[in-house]
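Asks: Protein sequence lines correspond, in order, to chains A and B. Residue numbering for the first sequence follows our numbering, starting at 1 and increasing by one per position. Residue numbering for the second sequence follows our numbering, starting at 357 and increasing by one per position. Sending over a structure as structure tokens; questions will come in a sec.
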Amino acid sequence: MAGFVRLIGVTKRFGDVTAVNNLNYEIGKGECFSMLGPSGCGKTTTLRMVAGFEDLSDGEVWVGDQLFSSPKKNHYTPPEKRNFGMVFQAFAVWPHLSVYENVAFPLRIRKLSESEIDQRTMDALKATNLVAAKDQSPDYLSGGGKQRVALARALAINPDVMLLDEPLSSLDPHLREEMRFEIKDLQMKYGFSIIYVTHDQSEAMALSDRILVMKLGVVQQIDTPLNIYNNPANKFVFSFIGLSNFLAVNQDGGSAQLPGGVALPAGVMIPDHLAGENVVSWASRPSEIDFVSADDPEGLHGVVNRKAFLGEIIDYQIQVGEQTLRVQKGRRDPGPEPGEACALRFLRPFWYKENE
Amino acid sequence: MNSLIIAGMSTVGSTIVGTFFAWLVTRTDMPHKKFMKSMFLVPFMLPSFIGAMAWKMLLSPNAGFINRFFMDNLGFDGPIFNLYSYYGISAVEVMYLFPFVFIQVCGALERMDPTLEESARISGAGLFTITRKITIPLVLPSILSGALLIMLYSMAHFGTVAVLGIENGIYNIPVLIYERIHQSGGSFESIRTGTVLATVLVISAACIIWAQRKILGSGHYQIIGGKSFRPMELKLRGLKYPLMFFCFAYIAFTIVLPTVVIFLVGGLSTYGLSFTPENLSLDNFKFILFEYDVTRDAIFNSVTLGLTAAIITMFAGVMISYVIVKMDVKGKGLLEFLGMLPFSVPGSVIALGVILAWSGQFGINLYNTVWIILVAYIARYMAFSLKANSAALEQVHDSLVEASRACGATMWQSLKDIVLPLVKPGMFAAFFLIFLPSLRELTVSIMLYAPTTRTIGVAIYTLNEDGETVISCALAAIALIIIIVGQTVINHFTKKESE
């Protein structure tokens, strides 16, 4: 994909701490790109560097053929000259201005003609279903309403790039899902690129064309949502996306064994590149485990600790030697009862180094 | 009318000064901001009438050190600045009152969600536009409420005007009340005039409070929240060092200089001598601490009065705020209102009220005794205690007491073992909040003192009026030392708590 927004070797240091380390990626025109990671991983810092609120310690930020930030070349374009739309987590709508004036603000700054300001403001308000509320103070709107004002304000200048900093995490869960699709619809309509920062994996999955997973300032994987889920690059990505089980397997002394004297089932092979490790991690998703008959030699043997009915699914906790793991099955799929012995087969297991 | 002119000018001046400095220390990259912020708060704890005395020595038209310096050495014909004018009085009040606006605006600017400004920036607005269109409107309620507070204090303020204004016939209401009652020796006639004047004062105070409520109510934006990234800092670039220098100069000129003058004059053997080492000694300090009855008594009175008032209000405050915060009793709203009332009632009105209530009409005559000052202090400072204690009590969740009851403790045991230890910091805070101001109190005491019941403030003021400048300065210096030490102790305690 042709890179429209380009980050080249972007690095941010706060004193001795490297918050973002040598970040390289390109975002295409009209692409929705998410940065996903736990809090403190550097995703918001990265977004703020793109916006121009944080200086770069090293590297360059380009949009189209314009250089925006480069400490080496001593170049810095201030945020107000970058022509981005941006939506913040805490809404940041101005309580002393009406909804209409909030949205018109960026247009007034650009000294457009009164008729054009009105036209574009009304367009943005229509796109976000705010026409009825245009003369109110945003203080009287709900959280979702305020976030719509923020979106409309960002839309008004018709930006090429929209920066969204956890825009939905201050909203109620059901509103969150609704707004998620509203953002997607607006993107379809206007065709801007999105850089979306979130710690919520389902949000990232639902919205994005590509996801970047980040940990402690270092990129773990950049890929499509499907690939991130199906082919996680490492143990961190596996654990961060979706539910996960990890079983430690000892393979020092020739034969592989789980702690507590449980033998590795027949037919399960540890990949060759992990042969030198003393302990490896056997990863599985709770939904991708089948119960097999208790005497199956290819099954992993355990005992049911607990069985919880969660509505559509039933959640099991299985004791395997000294470790436990979770299994989730549909409610129409009756499994063993607590206290019963059982055997398990992993449909799509992954193997990782224990400490990665 | 004079009250209004002085209050108006002080308010406008303090608001401009306070807002400007608040903006400088919170929103710019000026060096040494932390230090400056704490220095700008210093005038809060210094009694302004002592400051007024210092300025009188520095700038009085004919004898002030600065005026003399300009006239003698630089050939000026007259004084460069006449302190005994509306401008002079207002300028001195501004120096001591601007922290009210400063604190309010600093708080608002610090609490303000920085994304409110960042979103304006990403919308394309430059820093100047943001300050004008976003920042100032958002902190306007804080600025106005600080300004009204200054107005209130300035109207009710006795010290500065009394020290600087009387010479040129500039009075405000509290000074006028004092003069009337003082000159006639407390006659019924004068008290009646005083009451009329006090009514005017109370009405204007009520108007101010009403306006403040209204502003806070209508404009109370929710600007708190969001992730607290460090707020945007305006790069001052070329102005950085000039502005820093300006701030330091301001601090040196308005805070350090007057204090130094007080200490120096306090060390002189006779007022008017130059500040040479042979003229300076600690004799005055020794004299007022150990030999001179008036000052010795004054210190003793102030300390005992302060301690007693602080202890009584501390305990009474805990009990009353317990009733207000934790119990569901009829009429507790009224109790709360009455308790908080003295916050806004000017000191001279309280003093008048105490005179009227306790000088025999209702069977008890405390007039001219030390007890009447105690009563007035308690009335005046109860609000501080209530505020500190109810803040502490609100932190103690009901479930803590319920848990202790569930463990088998009786109501009293839970109060003693659970509630009291938890509100102790609040009680401590209340104690110092009352003890320190009562040491420097002037407005109330001046109306109530008798020859044997002078407080420190009264002693400093009357000695100064009587021309005993050096002695009053020495006493003022001692008061300053006590206040600064006490304030350091408080800061130490409150810091420990917040850690």
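For every residue, glycine included, the Cβ atom is placed at its ideal position computed from N, Cα and C. The structure presented is a predicted model; accordingly, all values stated were derived computationally and were not measured.
Measure the alpha-carbon distance for Arg569/B versus Ile506/B and round it to whole angstroms.
Replies: One C-alpha to the other measures close to 15 Å.
Asks: Classify Cys462/B as helix, strand or coil using the three-state DSSP reduction.
Replies: Cys462/B: helix per DSSP, three-state reduction.
Asks: Which residues, taken in chain order from the stretch 110-121 of chain A, show a beta carbon closer than 9 Å to some beta carbon of chain B?
Replies: If the cut-off is 9 Å between Cβ atoms, the stretch 110-121 of chain A has Arg110 near chain B.
Asks: Got a sec: is the Cβ-Cβ distance from Thr485/B to anything in chain A below 9 Å?
Replies: By this cut-off, Thr485/B is an interface position.
Asks: Give, in chain order, every residue of the stretch 474-508 of chain B whose Cβ lies closer than 9 Å to some Cβ of chain A.
Replies: So the close ones are Glu474, Ser475, Ala476, Arg477, Ile478, Ser479, Gly480, Ala481, Gly482, Leu483, Thr485, Ile486, Lys489, Ile490, Pro493, Leu494 and Leu496.
Asks: Please confirm if Thr375/B has its CB atom under 9 Å from at least one CB of chain A.
Replies: For Thr375/B, the answer is no, since every Cβ of chain A falls outside 9 Å of its Cβ.
Asks: On the three-state DSSP scale, how would you describe Leu171/A?
Replies: Here Leu171/A sits in coil by DSSP.
Asks: Counting only the same chain and skipping the five closest in sequence on each side, list residues whose C-beta sits under 7 Å from that of Ile728/B.
Replies: Counting only Cβ-Cβ distances below 7 Å, and skipping sequence neighbours, we find Val710, Trp714, Leu722 and Leu804.
Asks: Nearest chain A C-beta to Thr471/B closer than 9 Å, yes or no?
Replies: Closer than 9 Å to some Cβ of chain A, the Cβ of Thr471/B qualifies, so yes.
Asks: Go ahead and label Glu298/A buried or exposed: buried means 16 or more other beta carbons lie within 10 angstroms of its beta carbon, across all protein chains shown.
Replies: Exposed: under 16 other Cβ atoms inside 10 Å.
Asks: So, for Leu360/B: in the same chain, excluding its five sequence neighbours on each side, which residues have a beta-carbon less than 7 Å away from its beta-carbon?
Replies: If we look at Leu360/B and ignore the five residues flanking it on each side, it has no Cβ neighbours.
Asks: Trp768/B to Ala707/B, Cα distance in whole Å?
Replies: Using only the alpha carbons, I get a separation of about 38 Å.
Asks: Report yes if the C-beta distance between Phe346/A and Leu274/A is below 9 Å; otherwise report no.
Replies: Against a cut-off of 9 Å, the Cβ pair of Leu274/A and Phe346/A comes out as no contact.
Asks: Against chain A, with Cβ distances strictly below 9 Å, would Gln578/B count as a contact?
Replies: For Gln578/B, the pLDDT reaches just 48, beneath the cut-off of 50, and the residue's location in the model is therefore unreliable, although a value from the coordinates is still provided. So yes, Gln578/B belongs to the interface.
Asks: Quick one: list the residues of chain B neighbouring Trp94/A, beta-carbon separation under 7 Å, in chain order.
Replies: Those within 7 Å of Trp94/A in chain B are Leu472 and Ile490.
Asks: May I ask which residues mark the beginning and end of the alpha helix (DSSP H) holding Gly515/B?
Replies: Where Gly515/B is concerned, the enclosing alpha helix (DSSP H) stretches over Gly515 to Leu520.
Asks: Given this structure, state the Cα-to-Cα distance separating Glu60/A from Gly3/A, to the nearest angstrom.
Replies: Looking at the two C-alpha atoms, the distance is approximately 14 Å.
Asks: Out of Lys126/A, Ala104/A and Lys134/A, which has the shortest C-alpha to C-alpha gap to Ile157/A?
Replies: Ranking Lys126/A, Ala104/A and Lys134/A by Cα distance to Ile157/A puts Ala104/A first.
Asks: When the Cα of Gly145/A is compared with those of Asp272/A, Phe91/A, Val20/A and Asp333/A, which residue comes out closest?
Replies: Residue Phe91/A is the option with its Cα nearest to Gly145/A.
Asks: For Ile837/B and Lys743/B, I'd like the C-alpha separation in whole angstroms.
Replies: Answer to the nearest angstrom: the Cα atoms are 27 Å apart.
Asks: Around the C-beta of Gln578/B, are 16 or more other C-beta atoms found within 10 angstroms, so that it is buried, or is it exposed?
Replies: For Gln578/B, the predicted structure reports a pLDDT of 48, less than 50, and the residue's modelled location is therefore unreliable. A value from the coordinates is still provided. It counts as exposed.
Asks: Would you kindly report the start and end of the unbroken beta strand (DSSP E) that includes Lys146/A?
Replies: Careful: Lys146/A lies outside any beta strand (DSSP E), inside the alpha helix (DSSP H) at Gly143 to Ala156.
Asks: List the endpoints of the continuous beta strand (DSSP E) containing Phe291/A.
Replies: Segment Ile289 to Val292, the beta strand (DSSP E) holding Phe291/A.
Asks: Enumerate in chain order the residues of its own chain whose CB-to-CB distance from Glu523/B is below 8 Å, with the five nearest sequence positions on each side excluded.
Replies: Taken in chain order, the residues that qualify are Tyr440.
Asks: Would you decide whether Phe88/A is buried or exposed? Buried here means 16 or more other CB atoms lie within 10 Å of its CB.
Replies: Phe88/A comes out buried.
Asks: Go to Val103/A, then tell me how far its alpha helix (DSSP H) extends in each direction, as first and last residue.
Replies: Val103/A -> alpha helix (DSSP H) spans Val99 to Ile109.
Asks: Please name the residue, chosen from Lys126/A, Ser113/A, Pro106/A and Asp123/A, that lies closest to Ile478/B on a Cα-to-Cα basis.
Replies: Nearest C-alpha to Ile478/B: Pro106/A.
Asks: Does the CB of Pro38/A have a neighbour CB from chain B at under 9 Å?
Replies: Not an interface residue.
Asks: Which of helix, strand or coil does DSSP assign to Gln328/A?
Replies: Gln328/A: strand per DSSP, three-state reduction.
Asks: Please determine, among Gln66/A, Glu31/A, Gly64/A and Lys81/A, the residue with the shortest C-alpha to C-alpha distance to Gly52/A.
Replies: With distances taken between Cα atoms, Gly52/A lies closest to Lys81/A.
Asks: With 9 Å set as the bound, which would you pick, yes or no: does the beta-carbon of Ile157/A sit closer than that to a beta-carbon of chain B?
Replies: Yes, because at least one Cβ of chain B sits closer than 9 Å to the Cβ of Ile157/A.
Asks: Compute the distance between the beta-carbons of Phe788/B and Phe849/B, then report whether it is under 9 Å.
Replies: Yes, the Cβ-Cβ distance between Phe788/B and Phe849/B is below 9 Å.
Asks: Tell me the residue span of the alpha helix (DSSP H) that contains Ala248/A.
Replies: No alpha helix (DSSP H) contains Ala248/A, which is instead part of the beta strand (DSSP E) from Asn245 to Asn250.
Asks: From Gly260/A to Asp290/A, what does the alpha carbon distance come to, in whole angstroms?
Replies: Taking the straight line from one Cα to the other gives about 22 Å.
Asks: Could you round the C-beta distance between Thr516/B and Glu449/B to whole angstroms and report it? I think they count as a contact, below 8 Å.
Replies: Confirmed, about 5 Å.
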